[in-house]
Amino acid sequence: MLFKTSRQISIALLGLVLAAQAVAAQSAPRQTGPTNPVSRVTGVQLRPIRVSPGRMKCPVKNTFYGRISTDGPATVKYTFATSDGKSWPVTTLTFSAKAMKPVSVTWETGKPGHTVNAWIQLQVISPNKLDSTKATFILRCE
């Protein structure tokens, strides 16, 4: 028999437990600092435009103003979607702390003799997806 006393058995078991803990500690991921939750976009708004009820000379350039809010530091990627399927570039906005920042885009729409019933929407792509309500408008072009 390898162990002659219960004390030798206890020492051997304690050695196994300590060895197992050492292996587990080496394989566990190490934290180098305090863990912070990932900041998120908490709000996105796009203001509708006011269009005169009469006929307009088209095409018309309209600027849409919006804002994006975060709950902490974040790099936000956003774009716009429109009813005509236009491709808009993805834009990056950097927040160093919880804040609200303005955004805007200019969209040229309408053709002479046509009526345009359109919408535009601000879409946040990351760090989380969030869309504004659609800003709708109707243009009656001369």
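By our numbering, the letter at position 18 of the sequence shown is numbered 10, and the numbering carries on one by one without gaps. Note that beta-carbon positions come from the ideal geometry of N, C-alpha and C, so glycine has one too. As the structure is a prediction and not an experimental result, all values here were calculated from the model.
Between Q115, T107 and A91, which has its C-alpha nearest S79's C-alpha? Locating residue 79 in the sequence shown gives position 87, counting from the first residue. With distances taken between Cα atoms, S79 lies closest to Q115.
Would DSSP call W80 helix, strand or coil? Taking the sequence shown and counting its residues from 1, the one referred to as residue 80 is at position 88. Coil.
Within 10 Å of its beta-carbon, does G58 have 16 or more other beta-carbons around it, so buried, or fewer, so exposed? Translated into positions along the sequence shown, residue 58 becomes position 66. Label assigned to G58: buried.
Environment of G102 [buried if 16+ CB atoms lie within 10 Å]: As a first step, residue 102 is located in the sequence shown; it is residue number 110 there, counting from the start. When all chains shown are included, G102 counts as buried.
Who are the near neighbours of N120 in its chain, counting only those whose CB is closer than 7 Å to its CB and skipping five residues on each side? Here residue 120 is taken as the residue at index 128 of the sequence shown, counted from 1. These residues qualify, in order along the chain: R32 and V33.
Could you check the C-alpha separation between V30 and P51 for me, to the nearest Å? On the sequence shown, residue 30 is found 38 positions in, with the first residue counted as 1. On the sequence shown, residue 51 is found 59 positions in, with the first residue counted as 1. For V30 and P51, the distance between alpha carbons rounds to 43 Å.
Restricting to Cα atoms, I'd like to know which of T125, K53 and L38 is closest to L131. By 1-based counting over the sequence shown, the position of residue 131 is 139. Taking only the C-alpha atoms, the option nearest L131 is K53.
Once DSSP output is grouped into helix, strand and coil, what is the label at I130? Within the sequence shown, the letter at position 138 stands for residue 130. I130 falls in the strand class under three-state DSSP.
According to DSSP, which residues form a beta bridge with A73? Translated into the one-based positions of the sequence shown, residue 73 becomes position 81. According to DSSP, which records beta bridges pairwise, A73 is partnered with Q113.
Contact defined as beta carbons within less than 8 Å: I believe Y70 pairs with T83. What is the distance between those atoms, to the nearest angstrom? Along the sequence shown, read from residue 1 onward, the residue named residue 70 stands at position 78. Along the sequence shown, read from residue 1 onward, the residue named residue 83 stands at position 91. That belief holds up - the Cβ atoms of Y70 and T83 are roughly 6 Å apart, short of 8 Å.
C-alpha distance - P81 paired with V97, whole-angstrom precision: Taking the sequence shown and counting its residues from 1, one reaches residue 81 at position 89. Taking the sequence shown and counting its residues from 1, one reaches residue 97 at position 105. Those two C-alpha atoms are separated by around 11 Å.
Which value, in whole angstroms, describes the spacing of the CA atoms of L122 and V108? Position 130 of the sequence shown, counted from the start, is the residue given in the question as residue 122. Position 116 of the sequence shown, counted from the start, is the residue given in the question as residue 108. Straight-line measurement puts the Cα of V108 at about 27 Å from the Cα of L122.
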